[in-house]
Amino acid sequence: MSTDPRGRWSRLTSPRTLARLVSLVGLVAVASALFPAVHDRARIVAGVVPPVFPAAATTGTLAAGVVLVLLGGGLRRGKFRAWLLAVVLSGFAVLSHLLKGLDVEEAVLTGVVLVLLLAARARFTARPDPRSRRRLLAVVVLGVPLATLLGMVWISVDVDGLAPGTTLLDRFLQALLGLVGVPGPVDFVEPDVATRSAVGLVVLGAALVLLLVVVALQPATGPHRLEPGERGRVEELLGRWGAVDSLSWFALRDDRAVMLSPTGKAAVSYRVVGGVSLAAGDPLGDPEAWPGAIASWLEEATSYGWVPGVLGSSEQGAEAYHRAGFDALELGDEAVLHASEFTTEGRSMRVVRQAVSRCRRAGLTADCHRVEDLGEAERAEILASADAWRDGEVERGFSMALGRLCDPADARAVMVTCRDEAGRLRGLLQLVPWGEDGLSLDVMRRDRAGENGVIELMVTTLMAQSGALGVRRVSLNFAVFRNVFARGERLGAGPVLRLWRGVLLQASRFWQIESLYRANAKFAPEWVPRFACFRSSAELPQVSVAALRAEAFLVAPSWWRRLSESRTHS
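Counting the sequence shown from 1 gives a position; the numbering used here is that position plus 306.
The following block contains the structure:
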């Protein structure tokens, strides 16, 4: 066991430890405000200061305690604003503990934490969301007058409870001062009316303070999305190094940002979700320049207090992130088909052959075209059908989806369509470029009222026409925890593996986990592992939630999404 005092001091003043201590101090403050002080001590304080001071201090202690508890998340991320608020409120809490009832024990505890916060100043450097300054100003400029107006209305509702001669200015001052727990000039007829009015104003003021804290500590939502100049740099990297990773083209998603290496030879593609800087796939560009891009990305994440995480990296990418201090967890496997090896012959492909034969007997045909070769009418038909066939309100995908269809910006993408005898569209696949001679599946949709086997017909048609398209390899869907399904159903599988498989089968009732695995497995692909990367097990839950949100498996209500989109574009 280490006895190095410098190591103990470093752990004591770490953002994570101080976040816990500040939350503890906040809980102590709340409890202290809710329970009366020792009577003898309170009497001593009452003899020294005016009666209004202990009452205001009690209210202030309660508000400060609640805010200190809320500061924990910002402190853990090393936010400077969270540190500054914690210092100010801790200093205030020390004074208010003494004023409200000479609560020495609480004051000493809070004072010790205040000293630790001051000593750890250099460890809190994370910047806030640049837009939060405008929001803070808006809350102050609009919130204070609005809260005061509501307070005036609150006081004026019960006119009979006010002493005769109370003016509008008196009510205004009463409402304004009451927001911070200070009595105003209004006299009330009955004590109950005065108490009810004071409590209502304090609650209103506390709500305003909490709103200010939430806005001040709101996680930065990340840099701007890809601009034309940046898109050109990304496309240049894809032109030279796009064959390295099958997910490279998805870096051109409209909601992604890129962080270039100092040399400009590599970049990390990512999105900020709930305080997590979530990279997807491998870094772009020259693998020898990946460490520089990863270092730049981590530097930005640290400067904003974001938690870095990676979703869907290959083994080569996971090794690069591991050298930068990440751990890796195998998420599942990507199914890759090779044109030179693909065949529908043999017993293992019997299910595929039967599905294709059934579709052809039903009069279905499939064909492949580059997106740049599609006419406007066909594009419109594909977009309408894809929207009608989508499962759910939200478009899913982040790490392995482009988020757009038949877009001229993706001219070299391939569209596979399936039509019936009447020429009606029954299914479609969009695949984006994977270097010069590969394709990566982006969108897979079919008319659920049509014949079963449409997907098999389209995939086999694509592989049959791969030579004409100049394609050697095709990446299909990603199968999450593929090994669990593959090994868990075998004879002799252990109890832990069978239990884990059972859990995934239950989850498949909501998230098509098993069905995607079986849909891929029928084509006898090469299985290529994909990984999630994270810095520590403590950050894994936050990274996991961000990944589920990015992939749209966890979706906010529609009204909240509209509000978030309006704030993002403001």
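Glycine residues also receive a C-beta, built at the ideal position from the N, C-alpha and C atoms.
Checklist entry - Counting along the chain, where does the beta strand (DSSP E) carrying Trp833 start and finish? => result Glu832 to Phe840
Checklist entry - What is the rounded straight-line gap between the Cα of Glu881 and the Cα of Gly669? => result Nothing can be reported for residue 881, as the shown portion of the chain is limited to 307 through 876.
Next on the checklist: If you reduce the DSSP assignment to three classes, tell me which class Met769 lands in.
Outcome noted: helix
Next on the checklist: Check whether chain C comes within 8 Å of Leu377, counting only Cβ atoms and requiring the distance to be less than that.
Outcome noted: Absent from the structure is chain C; it holds one protein chain and no more.
Next on the checklist: My output table needs one value for Leu635: the three-state DSSP class, helix, strand or coil.
Outcome noted: strand
Item to check | Span separating the alpha-carbon of Arg317 from that of Thr323 | outcome: 7 Å
Item to check | Start and end residues, beta strand (DSSP E) containing Phe784 | outcome: Arg779 to Val786
Checklist entry - For the beta strand (DSSP E) that contains Asp748, what are its first and last residues? => result Gly744 to Arg752
Checklist entry - Should Gly623 and Phe784 be called a contact, given that it needs their Cβ atoms to be closer than 8 Å? => result no
Checklist entry - Roughly how many angstroms lie between the CA atoms of Arg877 and Leu422, to the nearest whole one? => result Past the edges of the chain, shown from 307 to 876, lies residue 877, and the structure says nothing about it.
Item to check | Cutoff 8 Å; reference Val446; Cβ partners in own chain excluding five residues on either side | outcome: Leu518
Next on the checklist: Is the separation between the beta-carbon of Gly511 and that of Val492 shorter than 8 Å?
Outcome noted: no
Checklist entry - What number of angstroms, rounded off, separates the C-alpha of Ala392 from the C-alpha of Ala858? => result 35 Å
Checklist entry - Does DSSP put Gly581 in a helix, a strand or coil? => result coil
Next on the checklist: Just verifying my parser: in three-state terms, what is the DSSP assignment at Met764?
Outcome noted: helix
Checklist entry - Just to confirm, are Ile600 and Ala563 a CB contact at a threshold of 8 Å? => result no
Checklist entry - Quick one, which of Arg732, Pro739 and Pro847 has its alpha-carbon nearest Gly759's? => result Arg732
Next on the checklist: Looking only at its chain, what residues have a beta carbon closer than 6 Å to the beta carbon of Ser876, apart from the 5 residues adjacent to it on each side?
Outcome noted: Confidence in Ser876 is poor, its pLDDT being 44 and thus under 50, which makes the residue's placement too unreliable to answer from.
Checklist entry - Apart from the five residues just before and just after Arg539, which ones in its own chain have a Cβ nearer than 8 Å to its Cβ? => result Val564, Leu566, Gly570 and Ala573
Checklist entry - Taking buried to mean at least 16 other C-beta atoms within 10 Å of its own C-beta, is Leu340 buried or exposed? => result exposed
Item to check | Endpoints, the beta strand (DSSP E) within which Cys665 is located | outcome: Counting along the chain, Cys665 falls outside any beta strand (DSSP E), though it belongs to the alpha helix (DSSP H) covering Arg656 to Arg667.
Checklist entry - When the Cα atoms are used, what is the spatial distance from Ala690 to Arg696? => result 10 Å
Next on the checklist: Could you give the first and the last residue of the continuous alpha helix (DSSP H) run that contains Gly611?
Outcome noted: Careful: Gly611 lies outside any alpha helix (DSSP H) and carries neither H nor E.
Checklist entry - Which word fits Arg779, buried or exposed, when buried means at least 16 other C-beta atoms lie within 10 angstroms of its C-beta? => result buried
Checklist entry - Any chance the segment 701–718 sits against the segment 649–666, with 3 or more Cβ pairs inside 8 Å? => result no
Item to check | beta strand (DSSP E) runs contained entirely in the segment 671–704, provided each spans 3 or more residues | outcome: 671–676
Item to check | Coil, strand or helix - Ser619 by DSSP | outcome: strand
Checklist entry - With a cut-off of 8 Å, do at least 3 Cβ pairs link the segment 403–423 to the segment 584–595? => result no
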